[in-house]
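A.B. asks: Handing you a structure now.
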Amino acid sequence: MTAATTSAPESTIRWDAKNAYLKCDGAIDGSITWPAEPEAACVAMLMCANERALSAERQQRLIQQIRRVRGCDEP
């Protein structure tokens, strides 16, 4: 029950919100979706790379996800 409670607030945060960095772990892990538009997804991914302290494993997964977005440069 705790896991459901923890992820619910993250899923209600908009990607353009000031606290959107709270969505980063879930988005990298796949439990929260990135924005649908490639440009918005790129902005969100780069925000996660710059605003969130990530483990080495999550950082690597994020880089792999960034590489799949056309026109999105690595941080």
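Residue numbers (the numbering used here): -9 to 65. For each residue, glycine too, the CB sits at the ideal point set by N, CA and C. From a predicted model like this one, the values you see are computed outputs, not experimental measurements.
1. With distances taken between CB atoms, is the gap from K8 to A34 smaller than 9 Å?
2. Under DSSP, the alpha helix (DSSP H) around S1 begins and ends at which residues?
3. What three-state label does DSSP hand C62 in the structure shown?
4. What is the DSSP secondary structure of K13, reduced to helix, strand or coil?
5. Do the CB positions of E64 and R58 come within less than 9 Å of each other?
6. With a threshold of 7 Å on Cβ separation, who are the neighbours of L52 within its own chain once the five nearest residues in sequence on each side are excluded?
7. Between A31 and C62, what straight-line distance do the alpha-carbon atoms span, to the nearest angstrom?
8. Tell me which residues share the same chain as R42 and place their Cβ nearer than 6 Å to its Cβ, disregarding the 5 neighbours each side in the sequence.
C.D. replies: Taking the definition as stated:
1. Numbered from 1 along the sequence shown, position 18 holds the residue referred to as residue 8. Numbered from 1 along the sequence shown, position 44 holds the residue referred to as residue 34. The answer is no: Cβ separation not under 9 Å.
2. Counted from its first residue, the sequence shown places residue 1 at position 11. Unbroken alpha helix (DSSP H) run through S1: T(-8) to T2.
3. On the sequence shown, position 72 is the one that residue 62 refers to. Three-state result, C62: coil.
4. Residue numbering aside, residue 13 sits at position 23 when the sequence shown is read from its first letter. Looking at K13 - three-state DSSP - the assignment turns out to be helix.
5. The count along the sequence shown starts at 1 and reaches residue 64 at position 74. The count along the sequence shown starts at 1 and reaches residue 58 at position 68. Against a cut-off of 9 Å, the Cβ pair of R58 and E64 comes out as no contact.
6. Your numbering for residue 52 matches position 62 in the sequence shown. Around L52: I18, M35, C38, A39 and L44.
7. Stepping through the sequence shown from its first residue, residue 31 is reached at position 41. Stepping through the sequence shown from its first residue, residue 62 is reached at position 72. Whole-angstrom Cα-Cα distance: 9 Å.
8. One-based indexing of the sequence shown puts residue 42 at position 52. Only Y11 and C14 meet the Cβ criterion.
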